[in-house]
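Novice: A single structure is presented below for examination.
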Amino acid sequence: MTPSPMPPSAAAPHRRPFLVASPFALASSSPLFQPPTVAVRLFLVWPRKATAGPPDSSIDLVSVLDLDSFFTSREKMSSLDATRAELGLLVLYLNKAEARDKICRAIQYGSKFISNGQPGTAQNVDRSTALARKVFRLLKFVNDLHALISPPAKGTPLTLVLLGKSKNALLSTFLFLDQFVWAGRTGIIKNKEATERVARLSLYCWMASSACTGLVELGELKRLSKSMRKLSRELRGVDKYENEQYRSKMKQSDERLLALVKASMDVVVAIGLLQLAPKKVTPRVTGVFGFITSLISCYQQLPSRAPVAKLKA
119 MTPSPMPPSA AAPHRRPFLV ASPFALASSS PLFQPPTVAV RLFLVWPRKA
169 TAGPPDSSID LVSVLDLDSF FTSREKMSSL DATRAELGLL VLYLNKAEAR
219 DKICRAIQYG SKFISNGQPG TAQNVDRSTA LARKVFRLLK FVNDLHALIS
269 PPAKGTPLTL VLLGKSKNAL LSTFLFLDQF VWAGRTGIIK NKEATERVAR
319 LSLYCWMASS ACTGLVELGE LKRLSKSMRK LSRELRGVDK YENEQYRSKM
369 KQSDERLLAL VKASMDVVVA IGLLQLAPKK VTPRVTGVFG FITSLISCYQ
419 QLPSRAPVAK LKA
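Mapping of the sequence shown onto the numbering used here: position 144 corresponds to residue 262, and the numbering continues sequentially without gaps.
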């Protein structure tokens, strides 16, 4: 749609741009004009000096800026900012060694499910990924060793403290022994029988630590439930879901419930790897449970939304 011609008086010697709206015109003499959001098609026009001729042709439209395109470009820019922020979130996620380890774990157990213990490409992927993951865990036992000697949170029942410390000790032992398993399977240590014995011992430690984790999460869930019931009584007559403290406790409860599910499934995975119940926990069952717990771990490693706000700023 072509813009309506302007009267000759509009062609000021200063050549200020004016706004043309079809089928009617809006004039703006301000060079700092901010285009509004309107329902008609807008054009920004720069006039030349008036020329001889009929009054209705005295304006020569030098440049016409379709403001619809301008608004579209602004939307594209905001979309680009959002994409950049999401990519920044992905960079933060992939910068975590733990996150990359859990992605590899998902590949490992997915391959185990596909192979079902049968020789082939899937089994090769399973074994090579399992060996590659051990590199991520070198010296990782220090983390749980530090948690083992750290004081517990105030108000934690003694039973939960003991279970938590047992979990730290067992997991630290598993990660420590796993380094020798890696050394044996890469050929650094030549004794294969000793390597397999250490591998089984480390898996028993991991199974026991997963069981302790499940018991700790179960105990913490009971404590949270009691605390939430008490808070609900205090907030009687008020919408408890509007209360920040109650929402925080609900979030903690969801996180601990997810951790309980993961720990319980990890016990099944350990039973499958140790072949303690080969008829019930087959390689395919082990693969399914391991894949699900890997996805849960990947979810737990997601960064908070706070860094995204910083990236957008």
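We put the beta carbon where it would ideally sit given N, CA and C, even for glycine.
Got a sec, what are the start and stop residues for the alpha helix (DSSP H) proline 401 sits in?
Specialist: Where proline 401 is concerned, the enclosing alpha helix (DSSP H) stretches over 401–418.
Novice: Taking all protein chains shown into account, decide if arginine 347 is buried (16 or more other Cβ within 10 angstroms of its Cβ) or exposed.
Specialist: Burial call: exposed.
Novice: With distances taken from CA atoms, which of Cys222, Asn261, Ile267, Leu266 is nearest arginine 245?
Specialist: Ranking the options by Cα distance to arginine 245, first place goes to Cys222.
Novice: Using a Cβ-Cβ cut-off of 6 Å (strictly less than) and excluding sequence neighbours within five positions of phenylalanine 407, which residues of its own chain qualify?
Specialist: For phenylalanine 407, where only same-chain residues beyond five positions count, the Cβ hits under 6 Å are Met383, Val386, Val387.
Novice: Specify whether the region 329–343 and the region 365–384 touch according to this definition: at least 3 beta carbon pairs, one from each stretch, less than 8 Å apart.
Specialist: Flag = yes, the region 329–343 and the region 365–384 touch.
Novice: Do cysteine 323 and leucine 295 have their beta-carbon atoms positioned less than 8 Å apart in this structure?
Specialist: Cβ atoms of leucine 295 and cysteine 323: closer than 8 Å.
Novice: Measuring only the C-alpha atoms, how far is lysine 398 from lysine 367?
Specialist: Rounded to whole angstroms, lysine 398 to lysine 367 spans 38 Å at the Cα level.
Novice: Can you have a look at threonine 202 and say buried or exposed, based on whether 16 or more other CB atoms are within 10 angstroms of its CB?
Specialist: The sequence shown places arginine at residue 202, not threonine. Flag for arginine 202 reads exposed.
Novice: In whole angstroms, what is the alpha-carbon distance linking leucine 339 and alanine 224?
Specialist: C-alpha separation (whole angstroms): 27 Å.
Novice: From which residue to which residue does the alpha helix (DSSP H) around serine 382 run?
Specialist: Counting along the chain, the alpha helix (DSSP H) containing serine 382 begins and ends at 362–392.
Novice: Using DSSP with H/G/I as helix, E/B as strand and the rest coil, what is threonine 274?
Specialist: Of the three classes helix, strand and coil, the one that applies to threonine 274 here is coil, per DSSP.
Novice: Using a threshold of 7 Å, is the CB atom of leucine 321 nearer than that to any non-hydrogen atom of the ligand NAD?
Specialist: This structure does not include the ligand NAD; it has no bound ligands of any sort.
Novice: Below 8 Å, can you find three or more Cβ-Cβ pairs linking the region 297–312 to the region 359–376?
Specialist: No, the region 297–312 is not in contact with the region 359–376.
Novice: In its own chain, which residues sit with a C-beta less than 7 Å from the C-beta of alanine 265, not counting the 5 before and 5 after it?
Specialist: The answer, listed in chain order, is Asn286.
Novice: So, using beta-carbon positions, are phenylalanine 259 and leucine 293 closer together than 8 Å?
Specialist: Yes, they are a contact pair.
Novice: With DSSP collapsed to three states, give me the class of valine 356.
Specialist: Coil.
Novice: Say whether chain C places a C-beta atom closer than 8 Å to the C-beta of arginine 245.
Specialist: Considering every chain present, this structure includes no chain C. It has just one protein chain.
Novice: Once you ignore the five residues that flank phenylalanine 231 on each side, which residues in its own chain have a CB closer than 7 Å to its CB?
Specialist: Counting only Cβ-Cβ distances below 7 Å, and skipping sequence neighbours, we find Arg402, Gly405, Val406, Phe409.
Novice: Which of the three DSSP states, helix, strand or coil, is assigned to serine 327?
Specialist: Here serine 327 sits in helix by DSSP.
Novice: Which of the three DSSP states is assigned to glycine 111 in this structure?
Specialist: Lying outside 119 to 431, the shown extent of the chain, residue 111 is not represented and no answer is given.
Novice: How close, in whole Å, do the beta carbons of threonine 313 and glycine 302 come, if the pair is a contact with beta carbons under 8 Å?
Specialist: Indeed, because the Cβ distance is near 3 Å, the residues count as touching under 8 Å.
Novice: So, at 6 Å on beta carbons, what are the nonlocal neighbours of cysteine 416 in its own chain, with the 5 sequence-adjacent residues on each side left out?
Specialist: The answer, listed in chain order, is Lys220.
Novice: If you draw a straight line from the alpha carbon of phenylalanine 254 to that of glutamate 216, how long is it in whole angstroms?
Specialist: Phenylalanine 254 and glutamate 216: Cα-Cα distance of roughly 8 Å.
Novice: Using CA atoms only, rank isn't needed, just tell me which of Leu394, Leu376, Ser320, Pro396 is closest to glutamine 418.
Specialist: Of the listed residues, the one whose Cα sits closest to glutamine 418 is Leu376.
Novice: Mind checking lysine 430: buried by the 16 CB within 10 Å criterion, or exposed?
Specialist: Because the pLDDT at lysine 430 is just 41, under 50, the model does not fix this residue reliably, and the point stays unresolved.
Novice: Whole angstroms are fine: how far does the CA of lysine 344 sit from the CA of arginine 351?
Specialist: Taking the straight line from one Cα to the other gives about 11 Å.
Novice: Are the CB atoms of leucine 210 and proline 421 nearer to each other than 8 Å?
Specialist: A contact, by the Cβ cut-off of 8 Å.
Novice: Report the three-state DSSP secondary structure of arginine 255 (helix, strand or coil).
Specialist: Here arginine 255 sits in coil by DSSP.
Novice: So what does DSSP say about asparagine 242, is it helix, strand or coil?
Specialist: Asparagine 242: helix per DSSP, three-state reduction.
Novice: Could you give the DSSP three-state label for proline 230: helix, strand or coil?
Specialist: The residue you asked about is not proline; residue 230 is lysine in the sequence shown. Helix at lysine 230.
Novice: Whose C-beta lies closer than 7 Å to the C-beta of arginine 251 among residues of the same chain, with five residues either side of it excluded?
Specialist: If we look at arginine 251 and ignore the five residues flanking it on each side, its Cβ neighbours are Asp219, Cys222, Arg223, Gln226.
Novice: Consult DSSP for serine 422 and reduce its assignment to one of helix, strand or coil.
Specialist: DSSP places serine 422 in coil when its eight states are reduced to three.
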